[in-house]
Amino acid sequence: MQGEKWTAALAAVGVMVLGGCAANETRDTTTDAGAEAAAEVTDPEVIVAVPERFAYSDDATVSEAIRRECELEERFPGFVQEFGARHDVRVESGADVSPGDAGKVLVVEITQARNDGSAWSGHRSLAEAEGTLYENGEAVAKFTSRRVSGGGAFGGFKGSCSVMGRTVRAMGADIAAWVRLPEDGAHLGN
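What the sequence shown shows, in the numbering used here, is residues 44 to 233, in sequence order.
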């Protein structure tokens, strides 16, 4: 009887470990869910253009490892696009988007991205960004955004870039909601 309890407990732990490791997989970012979700916005309340990448600011506090491995610049606009669809906002990305373009343009810069901690001590990831919404070349509203994550359930089994991705994804949701009803000087997130 005692042996059966231990076997069941070990099996449960094994399932949790394998489940946590599966969340640490590398995903193909070329088929982004955000692009698919944006296609569903047939009659949007707001249409906004964004660059294909949200660059790091010139004075950004970001380690070389995060810059090299986490692809935050490339993933971030896709998250705004994904959540924009939920807020009746069509987010269109392009390589040559600039603040002076006609219509609404959102420019976002990542100002900080850090991951203090590890799988053993617990992740403490933080990301910050600032952005400006332009309309027909004129700045109409600015925001700052900040999110912190410990990785969620089984965060210790997730890689650092996975946890950093959670912070940027949450910021994408915040920014998409803000674009619908922009408030100048807003601070988004936590």
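Beta carbons are placed, not taken as given, at the ideal position from N, Cα and C, and that holds for glycine.
List the DSSP bridge partners of residue i.
i, result
"Ala182", "Tyr177"
"Val206", "Paired residue(s): none; Val206 is not in a bridge."
"Arg167", "Asp159"
"Pro94", "Gly137"
"Ala190", "The residue asked about is misnamed: residue 190 is Arg in this sequence, not Ala. Beta-bridge pairing links Arg190 to Ala170."
"Glu88", "BP columns for Glu88 are empty, so no partner."
"Ala229", "Phe186"
"Ile153", "Tyr99 and Ala172"
"Val148", "Ala92 and Tyr177"
Smallest Cα separation from residue i: which of the options?
i, options, result
"Val148", "Gln155, Glu178 and Pro87", "Glu178"
"Cys204", "Val93, Glu107, Pro225 and Val89", "Glu107"
"Ala220", "Ser141, Gly121, Arg209 and Val132", "Val132"
"Thr175", "Leu115, Glu117, Glu88 and Ala229", "Ala229"
"Ala182", "Gly143, Gly215 and Gln155", "Gly143"
"Arg110", "Gly180, Gln155 and Val151", "Gln155"
"Val150", "Ala128, Arg167, Glu173 and Arg157", "Glu173"
"Ala145", "Ile90, Asp227, Arg223 and Val206", "Ile90"
"Ser188", "Asp101, Val222 and Arg167", "Val222"
"Pro87", "Ala128, Asp101 and Asp227", "Ala128"
"Val138", "Asp159, Glu116 and Asp101", "According to the sequence shown, residue 138 is Ala rather than Val. Of Asp159, Glu116 and Asp101, the residue nearest in Cα terms is Glu116."
Go through its chain and collect everything with a Cβ distance to residue i's Cβ below 6 Å, but skip five positions before and after it.
i, result
"Tyr99", "Val105 and Ile153"
"Glu68", "Note on Glu68: pLDDT 39, under 50, position unreliable in the model; the coordinate value appears next. Contacts found: none."
"Pro120", "Val93, Phe97 and Ser136"
"Ala216", "Phe126"
"Arg157", "Leu169"
"Pro225", "Leu176 and Ala184"
"Ala78", "Since pLDDT at Ala78 reaches only 44, below the 50 mark, its modelled position is unreliable, and the value read off the structure follows with that caveat. Nothing meets the Cβ criterion."
"Thr74", "The pLDDT assigned to Thr74 is 42, lower than 50, so where the model puts this residue is not dependable; a value taken from the coordinates is nonetheless given after this. Nothing listed; no residue qualifies."
"Ser192", "Ser168, Val206, Arg209 and Thr210"
"Glu112", "Cys204"
"Gly180", "Gly143"
"His130", "Ala219, Ala220 and Arg223"
"Arg70", "Since pLDDT at Arg70 reaches only 42, below the 50 mark, its modelled position is unreliable, and the value read off the structure follows with that caveat. For Arg70, where only same-chain residues beyond five positions count, there are no Cβ hits under 6 Å."
Spatial neighbours of residue i within its chain, please: CB distance less than 7 Å, with the 5 preceding and 5 following residues excluded, ordered by chain position.
i, result
"Arg190", "Ala170, Thr210, Ala213, Met214, Gly232 and Asn233"
"Val140", "Ala92, Val93, Pro94 and Val148"
"Val123", "Val93, Val134, Gly215, Ile218 and Ala219"
"Asp227", "Ala184 and Lys185"
Could you name the residues of the same chain whose beta carbon sits closer than 8 Å to that of residue i, not counting the 5 residues immediately before and after it, in chain order?
i, result
"Ala65", "Annotation note: pLDDT 41 at Ala65 (below 50); position unreliable, no value reported."
"Ala103", "Glu152, Ile153, Thr154, Gln155 and Ala156"
Query raised in the report: Taking only runs of the alpha helix (DSSP H) that begin and end inside the stretch 105-138, which ones reach a length of at least 4 residues, in chain order?
Result: Counting only runs of 4+ residues, the alpha helix (DSSP H) found wholly inside the stretch 105-138 occupies 107-112 and 115-129, in chain order.
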